[in-house]
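Under the numbering used here, the residues of the sequence shown are numbered 17 to 223, in order.
As structure tokens, the structure follows; a few thoughts come after it.
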Amino acid sequence: MGLYSETIFPWLLDKALGHPRIAARRAALVGQARGQVLEIGFGSGATLPYYDPAWVTRLTVVEPSDGMNRRAAHALAASPVPVVSVPGAGEALPFGDASFDTVVTCLTLCSVSDVPQVLAEIRRVLKPGGQFLFFEHVLSEDADRQRWQHRLTPLQKVVGVGCHLNRDSAAMVRAAGFALPPVVQEQERAFGRLAPLLPVISAVALR
Ligand SMILES: C[S@@+](CC[C@H](N)C(=O)[O-])C[C@H]1O[C@@H](n2cnc3c(N)ncnc32)[C@H](O)[C@@H]1O
17 MGLYSETIFP
27 WLLDKALGHP
37 RIAARRAALV
47 GQARGQVLEI
57 GFGSGATLPY
67 YDPAWVTRLT
77 VVEPSDGMNR
87 RAAHALAASP
97 VPVVSVPGAG
107 EALPFGDASF
117 DTVVTCLTLC
127 SVSDVPQVLA
137 EIRRVLKPGG
147 QFLFFEHVLS
157 EDADRQRWQH
167 RLTPLQKVVG
177 VGCHLNRDSA
187 AMVRAAGFAL
197 PPVVQEQERA
207 FGRLAPLLPV
217 ISAVALR
């Protein structure tokens, strides 16, 4: 892979997503993780400090990018919970059916190649009644903002290494068969000045 996607982008992402507003949302999300936990699209490990050793028996993380995995080595060495890192992608998880109590994605469904396939894999590896925790930026509910998201997504896919601004992740999670109560979009705060293009949702879906 290229210098941009494997070296520059992982560094940029840590800078761009290192804001305390994002950290607070990561902490609130993964603080709900229980039991055998899988995180998909682990990146450089920004969620890791927030897993609670009182509740998490073991964390497995999957990340396809070598550059991200290199950056994650530091975080993994200081993990508060037992953790194993498995190279791979969400579309073909190398785990048996019903292996996990919790699956987590954090700003990842925007970037995977095939969302329905990743969600089908998450459902497959979750135990019945297991929880899928996700924090994602999504397609806006506002028609004007949506137009800009559609226009800018081709550029964002290049700059953000596959990241889409216009994915309706909650609808896709429901279409994949999860139980998901109504989700409120947070329009203004998480991404500061870029928030109009990056409304976020944080939710728990049940298998
Ligand atoms: C925007 S980054 C977020 C990283 C991290 N979750 C965070 O919160 O900082 C998206 C991540 O998804 C990973 N990713 C891209 N395609 C993927 C796929 N098909 N399966 C799993 N992860 C993928 C990328 O390599 C990247 O680490």
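Ideal placement from N, C-alpha and C gives every residue a C-beta, glycine not left out.
Discussion item. Ser156 and Leu45 - do their beta-carbons sit closer together than 8 Å?
Written reply: no
Worksheet item: What is the DSSP secondary structure of Val46, reduced to helix, strand or coil?
Response: When DSSP states are grouped into helix, strand and coil, Val46 belongs to the helix group.
Worksheet item: Cβ-heavy atom distance between Thr23 and ligand 1 below 7 Å?
Response: Incorrect: Thr23 has no Cβ contact closer than 7 Å to ligand 1.
Worksheet item: Taking DSSP as the reference, what is the three-state secondary structure of Glu22?
Response: Under the three-state reduction of DSSP output, Glu22 falls in the helix class.
Practice prompt. Kindly indicate which three-state DSSP category Gln147 falls into: helix, strand or coil?
Written response: strand
Worksheet entry | Reference Arg167, options Leu213, Ala136, Ala195, closest by Cα | Leu213
Worksheet item: How far does the beta strand (DSSP E) with Thr118 in it reach, from first residue to last?
Response: In the DSSP assignment, Thr118 falls within the unbroken beta strand (DSSP E) covering 116-122.
Fill in: Sub-8 Å separation of Glu79 and Leu123 beta-carbons
no
Discussion item. Tell me the rounded alpha-carbon separation between Glu147 and Ser115.
Written reply: A small correction: the amino acid at residue 147 is Gln; Glu does not occupy that position in the sequence shown. Each residue's Cα considered, the two are about 12 Å apart.
Item to complete: Return yes when at least one heavy atom of ligand 1 lies under 7 Å from the C-beta of Ser101, else no.
Response: The answer is no for Ser101.
Discussion item. For a test of your reading of the model: does the CB of Ala40 fall under 7 Å from any non-hydrogen atom of ligand 1? Yes or no.
Written reply: no
Discussion item. Considering only the alpha carbon of each residue, which of Val131, Arg74, Pro69, Leu33 lies closest to Ala108?
Written reply: Val131
Item to complete: Measuring alpha carbon to alpha carbon, tell me which of Gln172, Leu196, Cys179, Arg161 ends up nearest Phe150.
Response: Leu196
Fill in: Short Cβ contact (8 Å threshold) for Leu125 with Arg183
Their beta carbons are under 8 Å apart, which means Leu125 touches Arg183 by this criterion.
Worksheet item: In this structure, what does DSSP give as the bridge partners for Thr76?
Response: Leu54, Val100
Worksheet entry | DSSP state of Ser185 mapped onto helix, strand, coil | helix
Discussion item. If distances are taken between C-alpha atoms only, which option among Arg205, Val53, Gly59 comes closest to Asp68?
Written reply: Val53
Discussion item. Can you find the residues in the same chain that come closer than 8 Å, C-beta to C-beta, to Glu137, ignoring five residues on each side of it along the sequence?
Written reply: Gly106, Glu107, Ala108, Leu109
Worksheet item: Quick one: what's Ile217 bridged to in DSSP?
Response: Glu152
Worksheet item: Cβ of Ala105 within 7 Å of any heavy atom in ligand 1?
Response: yes
Item to complete: State the start and end residues of the unbroken alpha helix (DSSP H) segment that holds Pro69.
Response: First-last for Pro69: undefined, no H or E at that position.
Item to complete: Using a threshold of 8 Å, state whether the C-beta atoms of Val72 and Ala94 are closer than that.
Response: no
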